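Here is the structure we will look at, set down as structure tokens.
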Amino acid sequence: MSRALMAQWLHDDPVIRVVATAANGADAIAAAKAHRVDVIVLDVEMPGMDGIAALPRLVEAAPGARILMASTLTTRGARVTFDALNLGATDAIAKPRSGWATAAGPAFRSEFVRKVRALGEIERPKAAPRRVPAAAPPPYARAEPSRAVPQVVAIGASTGGPNALFELIEQLPKPVRVPIIVTQHMPPMFTAILAEHMARRGGVQAFEAADRMSVLPGVVYVAPGGRHMEVVRADGVVQLRLTDAEPENFCRPSVNPMLRTAAAVWGAATLGVMLTGMGSDGLDGARAVVAAGGTMLAQDQASSIVWGMPGAVVKAGLAAEMLPVSGLASAIGCLLEAGR
Numbered sequence: 033m034s035r036a037l038m039a040q041w042l043h044d045d046p047v048i049r050v051v052a053t054a055a056n057g058a059d060a061i062a063a064a065k066a067h068r069v070d071v072i073v074l075d076v077e078m079p080g081m082d083g084i085a086a087l088p089r090l091v092e093a094a095p096g097a098r099i100l101m102a103s104t105l106t107t108r109g110a111r112v113t114f115d116a117l118n119l120g121a122t123d124a125i126a127k128p129r130s131g132w133a134t135a136a137g138p139a140f141r142s143e144f145v146r147k148v149r150a151l152g153e154i155e156r157p158k159a160a161p162r163r164v165p166a167a168a169p170p171p172y173a174r175a176e177p178s179r180a181v182p183q184v185v186a187i188g189a190s191t192g193g194p195n196a197l198f199e200l201i202e203q204l205p206k207p208v209r210v211p212i213i214v215t216q217h218m219p220p221m222f223t224a225i226l227a228e229h230m231a232r233r234g235g236v237q238a239f240e241a242a243d244r245m246s247v248l249p250g251v252v253y254v255a256p257g258g259r260h261m262e263v264v265r266a267d268g269v270v271q272l273r274l275t276d277a278e279p280e281n282f283c284r285p286s287v288n289p290m291l292r293t294a295a296a297v298w299g300a301a302t303l304g305v306m307l308t309g310m311g312s313d314g315l316d317g318a319r320a321v322v323a324a325g326g327t328m329l330a331q332d333q334a335s336s337i338v339w340g341m342p343g344a345v346v347k348a349g350l351a352a353e354m355l356p357v358s359g360l361a362s363a364i365g366c367l368l369e370a371g372r
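With this note's numbering applied, the sequence shown corresponds to residues 33 to 372, in that order.
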């Protein structure tokens, strides 16, 4: 039922063409070899060869295709999904656990179709034509960086974000002497596993945020799926606040509340970082950071899976720098080092 329903949703979209469906991993590999595919939706749980077993062979069978993993909204599903991201999957979506006819409502359908469309709009890598110079990127206005030493690093991300986050945290010079707050578009249960992976791979303390948790230097706090994360200063202590306010840009958690409240608490000492992601969530928050005198950095287009969120910040003239992830890590390190 789930495969047929998801295929029908995609069929109904005017810009998406479904070329094949498959009941198991082996059939999916055969279909990927038989068709030119831009996006593969791969269920973790399938009879015979499951999604994890099929994934490396699909990456080989369809070079350049973006793979969207679909897994159940469970802790096990979240752990398997992160294994898939490490093996080459591009993004993930949590599907309802049961009762597809009733549980898969309009919100899930909309998110699923938007993800597939966004991944399908990414051009495959192509060999550059000989003797034809590459077009220069459009010139974008840049915001002046703050002269204040950052007291917080606030990171927003969506599609492609987990791997970018892992790389960024791994490459940051250690020890990190300020708190790092992160909003990654992910459902409940997945964000706790994201924090675990960041701690393990980045060599830092990382936690899924809890309401009224104190914000401490050197610790990474990840907004929990389904709730906005804000920061407040009370009696000289900075704490996290989790809210169930309405989604912003169809997202909860949204990057905007995190950036807006960080700017209110730390002002010019706020360092915001926008990583890969579809849409424009975080743009309003980035405006608040720059208006408070803080600094915004953005991932460049070439290294982003989807240059929606960072692109919106860059095009609005809010980014002081536009860099690949390795460059962002170096830039953050230099800005933090200035305070020593």
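Ideal Cβ positions, reconstructed from N, Cα and C, are used throughout, including at glycine. It should be emphasised that the depicted structure is a prediction, and the values quoted were computed from it without experimental measurement.
Between the CA atoms of residue j and residue i - distance to the nearest angstrom
i, j, result
"MET328", "VAL322", "7 Å"
"ILE61", "ASP267", "59 Å"
"LEU368", "ARG179", "11 Å"
"ALA150", "ILE99", "12 Å"
"VAL305", "ASN195", "15 Å"
"PRO289", "ASP82", "38 Å"
"VAL13", "MET230", "Since the first and last residues shown for the chain are 33 and 372, residue 13 lies out of range."
"GLY340", "VAL208", "28 Å"
"GLU199", "ALA227", "14 Å"
Nearest residue (CA-CA) to residue i, options the options
i, options, result
"LEU307", "LEU272, ALA36, GLY152, ALA344", "ALA344"
"THR122", "GLY192, ASN56, GLY326", "GLY192"
"ALA186", "GLU369, ILE48, ALA255", "ALA255"
"SER34", "ASP75, VAL181, GLU143, ALA242", "ASP75"
"GLU240", "VAL214, SER178, VAL50", "VAL214"
"TYR253", "VAL112, VAL236, GLU92", "VAL236"
"LEU87", "ASN118, VAL69, ARG146", "ASN118"
"ALA361", "LEU204, ALA318, VAL251", "LEU204"
"GLY96", "MET78, THR106, ILE72, THR107", "ILE72"
"HIS67", "GLY326, ALA93, VAL287", "ALA93"
"ALA348", "VAL47, SER103, ALA173, ALA126", "ALA173"
"GLY373", "ASN281, VAL287, PHE222", "Because residue 373 is not part of the residues shown, which for the chain are 33 to 372, the question remains open."
"MET78", "LYS65, ASP70, ASP59, SER286", "ASP59"
"PRO138", "LEU355, LEU315, ARG319, MET38", "MET38"
"PHE144", "ILE84, THR302, SER103", "SER103"
"SER312", "PRO220, TRP298, CYS283", "CYS283"
"VAL247", "ALA300, LEU303, ILE212, LEU315", "ILE212"
Paired residues, beta bridge with residue i - DSSP
i, result
"VAL330", "Here residue 330 turns out to be Ala, not Val, going by the sequence shown. MET306, MET354."
"ASP276", "BP columns for ASP276 are empty, so no partner."
"PHE239", "TYR253"
"ILE72", "ILE99"
"ARG265", "VAL270"
"GLN40", "Its beta-bridge partners do not exist; DSSP assigns none."
"GLN376", "This structure gives no information on residue 376, because the portion of the chain shown stretches from 33 to 372."
"CYS366", "For CYS366, which the question treats as bridged, DSSP gives no partner whatsoever."
Which of helix, strand or coil DSSP assigns to residue i
i, result
"SER246", "strand"
"THR223", "helix"
"ARG35", "helix"
"ILE337", "coil"
"ARG149", "helix"
"GLN183", "coil"
"ILE125", "strand"
"THR106", "coil"
"ALA86", "helix"
"ILE48", "coil"
"HIS260", "strand"
Cβ-heavy atom distance, residue i to the ligand GTP, below 7 Å
i, result
"PHE140", "Ligands are entirely absent from the displayed structure, and the ligand GTP is therefore not among its contents."
Minimum Cβ-Cβ distance from residue i to chain D less than 8 Å
i, result
"GLY192", "Among the chains in the structure shown there is no chain D, since it carries only a single protein chain."
Between the stretch 330 to 340 and the stretch 266 to 286, do at least 3 Cβ pairs fall closer than 8 Å?
Judged by Cβ distances under 8 Å, the stretch 330 to 340 makes no contact with the stretch 266 to 286, as fewer than three pairs qualify.
Whether or not the stretch 143 to 156 and the stretch 283 to 298 are in contact is what I'm after, with contact meaning three or more pairs of Cβ atoms, one per stretch, closer than 8 Å; do they touch?
no
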